[in-house]
Structure formats: structure tokens, C-alpha cells
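S.K.: Take this structure, written in C-alpha cells, and hold onto it; I'll ask about it next.
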Amino acid sequence: MCGIAGIVSREGFDPKLLISMTHLVTHRGPDGYGFAFFGPEKNSYAELIHNEARLPSLQNSLVGLGHRRLAILDITARGNQPMHSEDGALYITYNGEVYNYLEIRKELEELGHSFKTRTDTEVVLHAYQQWGDECLKRFNGMWSFAIWNRNRRRLFCARDRFGVKPLYYYFDGARFIFASEIKQILQCPDISRRANDSVVFDYLEQGLADHSAETFFQGIYQLPGGHFLILDLSLPTPTPVIRRYWELPIRQNIDLSEEEACEELRARLTKAVTLRMRSDVPVGSCLSGGLDSSAIVCLAKKKILPQADFHTFSSCFEDKFFDEREYIAEVIAATQSKSHLIFPGPAQFWKTFERLIWYQDEPVGGIGVYAQWCVMEAARREGIPVLLDGQGGDETLCGYRKFYYFYLWQLLRKGDPKCFSEALLWLHKGGMSLWAWSDAKRYLPSSFVKFESLARRVCQPVFQRKYRDRICNLGAGSDIRERQRADLVKYSIPALLRYEDRNSMAHSVEARVPFLDYELAEFLVNCPLHLKMGHGWSKWILRQGLRGILPEAIRLRRTKMGFNTPQRNWIRSDLKEMIRAVFASSGFHMERFIIPTNVREEFDKFCLGRHDSLSDTELFRVLNLELWARVYGVC
């Protein structure tokens, strides 16, 4: 895992800018760095640099690539980047892991390619040399990379299918700048730090982030997952061209018996975890005590590395409502793993919050992001630079409560009261709290429920009137699988992956997500609904498929916590005065969006326990937006 950066400028650029951009993310790659600079002509100089004293001679560079390395595979200097092809035509700066690189390497060797390192970077470079952009369809992993073709004067950038690894860019007609993190692009002094109004509205009103190519910063974009970008400098007016190479397919239900489907689930998940155990450094796992992370830990320890030490890291709280230690202990006892329990607290959260915001680049969804931060921090402290995580399990297996709301709503639309009553009964027996109205109304159609608008309560009238028509329909359409796909590529996973990438990379830890193995995800999304929400149980196929691998206390667990924190309690008590001080500040940065007096009124109502106030989640978004603006000097 690494940090990358690059500049393409027809007018040339100062190499010191690329140096600054690259070193700003030393946390992403503390084990080494490198740069490649290219002159304005096809056959002019190409310089690989690891000594910055040589920079004064490169003032007329046309293209530059920067790299910070976190050494995971072939940890010798041979794996340093940027890396180039044997003929010197292709140069790559690469962030990620292609887990099936050994299989692809063997195929390339049979085609006549030879290799000098044991890295997946070299495999990616040779694969592109052999197959062009079609190489992306052969990769199983997570990646963002850029390849400069000196001969064709063409830049090729790509991002993995789900966008696990980030890639941001800025283009103004004369310059194309890309990087792993937005803060790197902001090193350019002439790039505006103005907030993107429409993205701010989506975040405040519906809690959305990372749901489009736009970012919170005006003029800075992210390359969507499953896409590649080409910038061809041989054209009279080079412009980035973006193309999709993968889309999560929605097919007819997979025609398998329940037993066959469970066997297929077990095989695919085992393969996904096995591939993500490939590493030349220690691998551990996050463990929440839920089904998804427990499944990963049990497969990793029981089926893949039964004799090896395996470390798990868990965020815990003393509050009994959020305490998962009972279930964590079941997994530890079953696997004999080495457990590390971390206890995030409100005081330390507040001390860390602005630092966390800086690493995240953009606002986040809640205090749960801090709990994840603490887990990653502990993993690095214990010398475990690679962690597996259960991200994606809820989206691929319909694990969220909202999928049950969608299911019931579809039955109502079909006019089938008998099926609706039966579904309601077995969901109730399955422990689903179906009457959490504040949760349900977010996902029901606007014709069915009146939507309580945050914007109408606390936003400036001109701002909320301008963007009120942007409110997204978060409900399901005719097919729940379509909603699963929307969560996986738009509404849920992209933001969660950003949180995880920044939290892990802030501590030089590589996070890997087996449930987002594309072959596994395609299978699970297209499984019949009764295998995901069957017999009154959530994630039925996972429970049945891992019988004998998961402890029974986990496999038959009715409750679901998710990655929750006592956010509401913290805001009402320990954090109350600090938050009130932010809302009462005379220099409120986001006043062009927010009416501070209205926010203070809503916050006071919330602290008094009134039900007509904004929720803790909504108040957190206002708080986070304001502190983000202060940290980044956003106007």
C-alpha cells in the first residue's frame, strides 16, 4: 500500500511541487520514495530520482510521477517505485495489491515475459504491456495507479472495481494533477479551497458522501471505482477521457439449491480470504463480534493458517448496550487468536478529532470512524501492518435493517397482505426491530412519509431552496438487488472505504476487505433473496455456509450491533460543552450554508432530550462540516 501523485503540464512545472505533494503522505508509505520526471519531447530525458539534490536541472519537466512506499510484498529495494518496463517506455506509480498476481505472473511468463522482482507492481506493469486496459479485467484486488507511456505520450490511470483505493484529480485545461489524497492536490497554491455547495447539501440533508465523482472541494474529482482515465498528450487539446471497465452485474437469480449455494459461498469466501492473506509481513484482522468479521477470522485461523499467530483488534465500550466482548471472546476461544481490545473514549476523541479530519480530507458520518481509527492505531503499535476487515458483508448479504424495510414495502406495493403478515412475523421472531420509525422513514418513499428536512431547520434559505430538488430517493426500486448495487457503488460502500483507507493509511496499515472480492460480491448479490433473508434470519447463507467454522454463539446470534458507538450519549454529556462552544463561535466558517442560531437551538433541544430536535447524527454532520472548514481553510 502506498501514496501516489503526478503532474502533467504542457507549460512545465516546478518539480518541488510534486516533491511536496508526495512527501505530504509519508504516512501512506514510510518505507521509501521515488520520483520520475519526463521532458517535453518523446525522446527527451526520463529521470528516476531518489536524491532530491538533482532537481534543479529538471525545471522544464512535462510529466512527473511521485511515490511513497509501504512495503508489503518483496520488501527489498527492488520493489521501489516509480518502476519502469525493460525498454524504458512505461513508468508506473502504483498503490494497492493485486492478490492474484502470482497466477497472472505465471501466465505472463508463459507468454515470454521475465521478472526482476517479486512484487505485484511489476506484474501490473507487464500485464498492461501485454493486454493494455484489458488487463484490469484480469486483476482481483484493490488498486489505483498511473502509467506514463513515453512513446505514445499517454497517461493511463485506473481504479479498482469498488474503489477500495483512492484516486483524485484536478484538470484546468493546462494541468492534470492526480493523487491518493485531496490534501496533496491542495498543495498547489492556486487551486481553490472553496466548498462544493451541492455536495455539502447532500451531506447535510441526507448524510451522503463519496456518492459521485464530485468531492467536497470545488473542482477536485475522484475517479469512480470500475473506471479508467486516459490523457493523450499527442492530441491538439488533451482532455481526460473516462471509461467504465466493470459494472456489478444484476442477473437472473442463481439457479442453485440452498445446499449448493452454501457450499459455493464457503468456497468463494475462503478463496477471497486466502488471496488476501498473501503478504511478506504479518497479517491480522479487525474483529467486532459480528458475523462478517468473525467469519473472516475463523476462516483465516482455522482453514488457512492454523499454526500461525494471528492477531485480532476490537473496539470496545464499557456501556453494556454497545459491549461486544462476549461475542469477541467466543471467536478468540474458538481460534486461539491473540486478542487486542481497544477502548475509545470521548475525551481522547475530542483531542484527536481535528487530526482525524485532516487525514480524512472530507467530512465523515459519525464517531464510529474514530473507533476504527483507534483499531488501526493499535495494529501499527503491535507491529501488524496488514488487517483484514468485514467491510461489504452487510451490502452483499442484505444485512442492514433497511433491506427489511425495502422488502416489506415491496410486499405492500404488490398488494399481498398474506405474504406481508408472514414476513412481518418471521422478521419479528428473527429479532428485527421493525418499528424503529426514525430509521425506517429515511428509506420509505416520500409519498408514504413526510421527510423532516435538516436543511429547512438550520440551513440558509437561499442555499436550501437552490438544492432541495437534489434529495435522493434512498428507497428500493422494483428489485432489492438493484438497491444492493446502489449501496455497493454509490450510497454506502464508497464512503466507508474512504474512512477505512484514510484511517488505516494514517497509521501505515493496509486494510483488506474479503467481502468485496468481486467474484464473491457478484455471486452474493445475485443469490435469491430467501438465501439472504431466509427463515427469519439475516445473512442466512453465511450462517449455513459456515456451520462448523463459526462458533454457534456467533452463527446463531440474533442481535446486530454493526460498528456502533455511544455517540448520542457522548454528545449529550462528555462532549456537550465543547460542541456548544463550536456552535457559539463568532467566527463560524460555514455561515453561508448554516444559520448558527438555529443550530444552537436544535442542539439545546437535543441535550434536553426533546424528540423534536435534530438527531445526534444530524448534529454531528453540522459539527464535522464546520471543523472540516476550519482545518482546511475552506470558504
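Numbered per the numbering used here, the sequence shown spans residues 11 to 645.
We treat Cβ as the ideally placed atom computed from N, Cα and C, and that holds for glycine.
Rounded to the nearest angstrom, how far is the Cβ of Arg-169 from that of Leu-233, given a contact under 8 angstroms?
M.R.: Indeed, because the Cβ distance is near 5 angstroms, the residues count as touching under 8 angstroms.
S.K.: In the DSSP assignment, what residue or residues form a beta bridge with Asp-242?
M.R.: Arg-164
S.K.: Within this structure, are the beta carbons of Cys-12 and Asn-105 separated by less than 7 angstroms?
M.R.: Going by C-beta atoms, Cys-12 is nearer than 7 angstroms to Asn-105.
S.K.: Exposed or buried, what is Gly-183 when buried is set at 16 or more other beta-carbons lying within 10 Å of its beta-carbon?
M.R.: By the 16-neighbour rule on beta-carbons within 10 angstroms, Gly-183 is exposed.
S.K.: What did DSSP end up calling Trp-141 once you bin it into helix, strand or coil?
M.R.: helix
S.K.: By the DSSP assignment, the beta strand (DSSP E) with Ser-154 in it spans what residues?
M.R.: 151-159
S.K.: Just the C-alpha distance for Phe-430 and Thr-406, rounded to the nearest angstrom, thanks.
M.R.: 23 angstroms
S.K.: Please list the segments of the beta strand (DSSP E) lying wholly inside the segment 349-431, counting only runs of 3 or more residues, in order along the chain.
M.R.: The qualifying runs are 396-398.
S.K.: CB-CB under 8 angstroms to Phe-23, same chain, minus the five flanking residues each way: which ones, in chain order?
M.R.: Residues Ile-17, Ser-71, Gly-74 and Arg-185 of the same chain have their beta carbon placed closer than 8 angstroms to that of Phe-23, with the five preceding and five following residues left out of the count.
S.K.: Buried or exposed, going by whether 16 or more other CB atoms sit within 10 Å of the CB of Ala-639?
M.R.: buried
S.K.: Within its chain, find whatever has a CB closer than 7 angstroms to the CB of Arg-480; leave out the 5 residues flanking it on each side and keep chain order.
M.R.: Within the same chain, and ignoring the five residues on either side of Arg-480 in sequence, the residues whose Cβ sits closer than 7 angstroms to its Cβ are Ser-208, Phe-211 and Asp-212.
S.K.: Which residue comes first and which comes last in the alpha helix (DSSP H) that contains Val-291?
M.R.: Run containing Val-291: none; DSSP gives neither H nor E here.
S.K.: Does the Cβ of Asn-161 have 16 or more other Cβ atoms within 10 Å, making it buried, or fewer, making it exposed?
M.R.: exposed
S.K.: Could you give the DSSP three-state label for Gly-555: helix, strand or coil?
M.R.: helix
S.K.: Grab the span of the beta strand (DSSP E) containing Tyr-178 for me, first residue to last.
M.R.: 178-181
S.K.: Given a cut-off of 7 angstroms, decide if Leu-177 and Ser-154 are closer than it, judged by their beta-carbon atoms.
M.R.: yes
S.K.: Could you check which residue in Arg-276, Val-341 and Arg-365 has the C-alpha nearest to that of Pro-561?
M.R.: Val-341
S.K.: Taking its Cβ as the centre, do 16 or more other Cβ atoms sit within 10 Å of Gln-346, making it buried, or is it exposed?
M.R.: With fewer than 16 other Cβ atoms within 10 Å, it is exposed.
S.K.: Determine the burial state of Gly-294: buried for a count of at least 16 other Cβ atoms within 10 Å of its Cβ, exposed for fewer.
M.R.: Around the beta carbon of Gly-294, 16 or more other beta carbons sit within 10 angstroms, so the residue counts as buried.
S.K.: Thinking C-beta only, is His-94 closer than 7 angstroms to Gly-44?
M.R.: no
S.K.: Going by the CB atoms, is the gap between Phe-181 and Pro-250 shorter than 7 angstroms?
M.R.: yes
S.K.: By DSSP's criteria, Arg-522 is part of a beta bridge. Which residues make up the other side?
M.R.: For Arg-522, which the question treats as bridged, DSSP gives the partners Leu-398.
S.K.: Below 7 angstroms between beta carbons: does that hold for Gly-173 and Pro-524?
M.R.: Cβ distance not < 7 angstroms, so Gly-173 and Pro-524 don't count as in contact.
S.K.: Can you grab the Cα-Cα spacing for the pair Ser-457 / Asn-483, in whole Å?
M.R.: Here Ser-457 scores only 46 on pLDDT, less than 50, and its place in the model is too uncertain to base an answer on.
S.K.: Quick check: what's the CA-CA separation for Gly-393 versus Ile-85?
M.R.: Taking the straight line from one Cα to the other gives about 15 angstroms.
S.K.: Tell me the DSSP bridge mates of Arg-253?
M.R.: Phe-238
S.K.: Can you tell which of Trp-580, Asn-159, Leu-618 and Pro-199 has its C-alpha closest to the C-alpha of Gly-355?
M.R.: Trp-580
S.K.: Got a sec: does the ligand ZN put a non-hydrogen atom nearer than 6 angstroms to the Cβ of Arg-335?
M.R.: By its list of ligands, the structure shown contains no ligand whatsoever, and the ligand ZN lies outside what it can speak to.
S.K.: Asp-143: which of Asp-302, Ile-240, Thr-362 and Ser-303 sits nearest, CA to CA?
M.R.: Ile-240
S.K.: With a threshold of 16 other CB atoms inside 10 Å of the CB of Leu-435, please say whether the residue is buried or exposed.
M.R.: exposed
S.K.: Any idea what DSSP makes of Asn-105, helix, strand or coil?
M.R.: strand
S.K.: What residue range is occupied by the uninterrupted beta strand (DSSP E) comprising Phe-320?
M.R.: Premise fails: Phe-320 is in no beta strand (DSSP E) and is neither H nor E.
S.K.: Any idea what DSSP makes of Gly-89, helix, strand or coil?
M.R.: helix
S.K.: What would DSSP say about Glu-224, mapped onto helix, strand or coil?
M.R.: strand
S.K.: Flag this pair as touching only if the segment 590-606 and the segment 367-374 have three or more C-beta atom pairs under 8 angstroms; answer yes or no.
M.R.: no
S.K.: Taking one C-beta from the segment 514-523 and one from the segment 382-393 each time, how about it: are there three or more such pairs within less than 8 angstroms?
M.R.: yes
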